[in-house]
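Residue numbers (the numbering used here): 199 to 568.
Using N, Cα and C, we set each Cβ at its ideal position, and we do this for glycine too.
Okay, so here's the structure we're looking at.
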């Protein structure tokens, strides 16, 4: 159903209402601004069009509004305990992989609710609690992905691109505890080949297998973590193709003190965010084709920029603000889950205990959500 301007007024706040009303529904109106020579100078037309396409995609496929959102939320609230409680029926050696798969599915549902709620209702307490639910399923699912070694011995449940999404998102939320608990597992999997077997393979539509595309988000996240251990990754030797921009970014910008240099790298980082965004339901682009930003909640969230900004602050470095369209979306705020205020569900501690029983090394999980 086509969204009217009035519906867009409901969906978006004042920061982007004019852009969305005009940009999504009348792209030519916005392009007419290019008649002004002074705006031509600094106007990146491709970035602008990509941003419009993302807005259109979310409006068409991902944002739930009004009574539909209320119903979707109510159904999800009933579904979550059912899915979680079903884990208690899993065999001990299957529990971790079962939970990993279920939490991945639930993160998609809660992410859709958070995105829709954030852009529509603006009920701060409700939105924050939804965000904590979303972060829990993302972070826990990823940790389980690394600590499951009974059923999936040769590859991970989450591909490298998906791992990168969640790691960078957690850094963007100023959550860095996963580094201590997950980087050793990641390094081990790089060396033994498990990570290289976790890349997305595809096909060309004619029955031919297409090998993995150069990796981006996972490379950025892992290089950032490795740098804290004074290490670098030889990606060629671990059989993982990489986009050289992301390795060079960590080498030349991550700890750079010259803000002029950092700005240039950050601008390209944000350009690449829009370039490699997956609008799968419209064009079949996904991590298989190199379009690694697949979670709808991340499409307009400059999480890579925020991850880098928080990481640099962690190391005593400031990060310059940049004038980029991605930093002018409603999602371009500090997303900080306050787990001390999270209304933890009744099943939280029993599930934590059950997972610890399956693998005592997971005893750290509850501490991630204090």
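Quiz item: Can the beta-carbon of residue 339 be found less than 7 Å from the beta-carbon of residue 302?
Solution: Annotated as proximal: residue 339 and residue 302, with beta-carbon spacing under 7 Å.
Quiz item: Can you tell which of 560, 451, 420 and 410 has the C-alpha that lies nearest to the C-alpha of residue 377?
Solution: Comparing Cα-Cα distances from residue 377 to each of 560, 451, 420 and 410, the minimum goes to 420.
Self-check item: Cβ separation of residue 295 and residue 350, assumed to be a contact under 8 Å, to the nearest whole Å
Solution: About 6 Å separates the two Cβ atoms, so the contact holds.
Quiz item: Where does residue 274 sit, in a helix, a strand or coil, going by DSSP?
Solution: Residue 274 sits in a helix when the DSSP states are folded into three classes.
Self-check item: Bridge partners - residue 491, DSSP secondary structure assignment
Solution: Beta-bridge pairing by DSSP links residue 491 to 475.
Practice problem: Could you check what DSSP says for residue 224 in three-state terms: helix, strand or coil? | Solution: Since pLDDT at residue 224 reaches only 34, below the 50 mark, its modelled position is unreliable, and the value read off the structure follows with that caveat. Three-state DSSP puts residue 224 in coil, outside helix and strand.
Quiz item: Excluding the five sequence neighbours on either side, which residues of its own chain have a C-beta within less than 7 Å of the C-beta of residue 286, listed in chain order?
Solution: Taken in chain order, the residues that qualify are 552.
Quiz item: Buried or exposed: which applies to residue 354, given that a residue is buried once 16 or more other Cβ atoms fall within 10 Å of its Cβ?
Solution: By the neighbour-count definition (other C-beta atoms within 10 Å, threshold 16), residue 354 is a buried residue.
Quiz prompt | Reference residue 416, options 260, 409 and 439, closest by Cα | solution = Closest by C-alpha distance to residue 416, out of 260, 409 and 439, is 439.
Quiz item: What is the DSSP secondary structure of residue 355, reduced to helix, strand or coil?
Solution: Note: residue 355 maps to coil in three-state DSSP.
Quiz item: So, helix, strand or coil for residue 248, using DSSP?
Solution: If DSSP states are grouped into helix, strand and coil, residue 248 belongs with the helices.
Quiz item: Are three or more beta carbon pairs between the segment 375 to 392 and the segment 513 to 520 nearer than 8 Å?
Solution: Using a Cβ-Cβ distance cut-off of 8 Å, the segment 375 to 392 and the segment 513 to 520 are not in contact, since fewer than three pairs of beta carbons, one from each stretch, lie closer than that value.
Self-check item: Alpha-carbon to alpha-carbon, residue 487 and residue 310
Solution: Answer to the nearest angstrom: the Cα atoms are 23 Å apart.
Quiz item: Using the beta-carbon count (16 or more within 10 Å), is residue 337 buried or exposed?
Solution: The residue is buried, with at least 16 neighbouring Cβ atoms inside 10 Å.
Quiz item: Just checking, does the segment 451 to 469 make contact with the segment 324 to 333 on the three C-beta pairs under 8 Å criterion?
Solution: At 8 Å Cβ cutoff, the stretches do not touch.
Quiz item: Does DSSP put residue 413 in a helix, in a strand, or in coil?
Solution: Residue state, collapsed to three classes: strand.
Self-check item: Inter-residue Cα distance where the pair is residue 430 and residue 424
Solution: Near 6 Å, if we compare the C-alpha coordinates of residue 424 and residue 430.
Exercise. Pull up the distance between the alpha-carbon of residue 447 and that of residue 533, whole angstroms please.
Key: For residue 447 and residue 533, the distance between alpha carbons rounds to 23 Å.
Self-check item: Member of 315, 484, 529 and 535 whose CA lies at the smallest distance from the CA of residue 262
Solution: With distances taken between Cα atoms, residue 262 lies closest to 315.
Self-check item: Per DSSP, cross-strand counterpart(s) of residue 440
Solution: In DSSP, residue 440 forms a bridge with 413.
Practice problem: In the DSSP assignment, find the alpha helix (DSSP H) that holds residue 509 and state where it starts and stops. | Solution: Start and end: 501 to 512.
Quiz item: Counting along the chain, where does the alpha helix (DSSP H) carrying residue 337 start and finish?
Solution: Per DSSP, residue 337 belongs to the alpha helix (DSSP H) from 322 to 345.
Self-check item: CA nearest to the CA of residue 560, picked from 327, 259, 341 and 503
Solution: Taking each of 327, 259, 341 and 503 in turn and checking the Cα distance to residue 560, the smallest one comes out for 341.
Exercise. Out of 531, 473 and 385, state which residue places its alpha-carbon closest to the alpha-carbon of residue 432.
Key: Cα-wise, what sits closest to residue 432 is 385.
Self-check item: Helix, strand or coil at residue 564 according to DSSP, with G and I counted as helix
Solution: In the three-state scheme derived from DSSP, where H, G and I count as helix and E and B as strand, residue 564 is classed as helix.
Quiz item: Between the beta-carbon of residue 562 and the beta-carbon of residue 367, is there less than 7 Å?
Solution: No. Outside cutoff.
Quiz item: Distance, Cα to Cα, residue 325 vs residue 468?
Solution: Rounded to the nearest angstrom, the gap between the Cα atoms of residue 325 and residue 468 is 26 Å.
Quiz item: Looking at residue 263 and the ligand COA, is the gap between the Cβ and the nearest heavy atom below 6 Å?
Solution: With respect to small molecules bound, the structure shown includes none, and the ligand COA cannot be examined in it.
Quiz prompt | Presumed contact (8 Å Cβ cut-off) between residue 362 and residue 490, rounded CB distance | solution = In this structure, residue 362 and residue 490 form a Cβ contact; the two beta carbons are roughly 7 Å apart against a cut-off of 8 Å.
Quiz item: In chain order, what residues of the same chain have a beta carbon less than 6 Å from the beta carbon of residue 470, not counting five sequence neighbours either side?
Solution: A distance below 6 Å between beta-carbons, with the five flanking residues on each side excluded, links residue 470 to no residue of its chain.
Practice problem: Can you grab the Cα-Cα spacing for the pair residue 318 / residue 411, in whole Å? | Solution: Rounded to the nearest angstrom, the two C-alpha atoms are 36 Å apart.
Quiz item: Taking all protein chains shown into account, do 16 or more other C-beta atoms lie within 10 angstroms of the C-beta of residue 507, making it buried, or fewer, making it exposed?
Solution: That one is buried.
Quiz prompt | Start-end ranges of the alpha helix (DSSP H) lying completely within the segment 349 to 398, minimum 4 residues | solution = Segments of the alpha helix (DSSP H) lying fully in the segment 349 to 398: 358 to 370 and 375 to 390.
Quiz item: Where does residue 283 sit, in a helix, a strand or coil, going by DSSP?
Solution: Note: residue 283 maps to helix in three-state DSSP.
Quiz item: Run through DSSP, which three-state label would residue 265 get?
Solution: If DSSP states are grouped into helix, strand and coil, residue 265 belongs with the helices.
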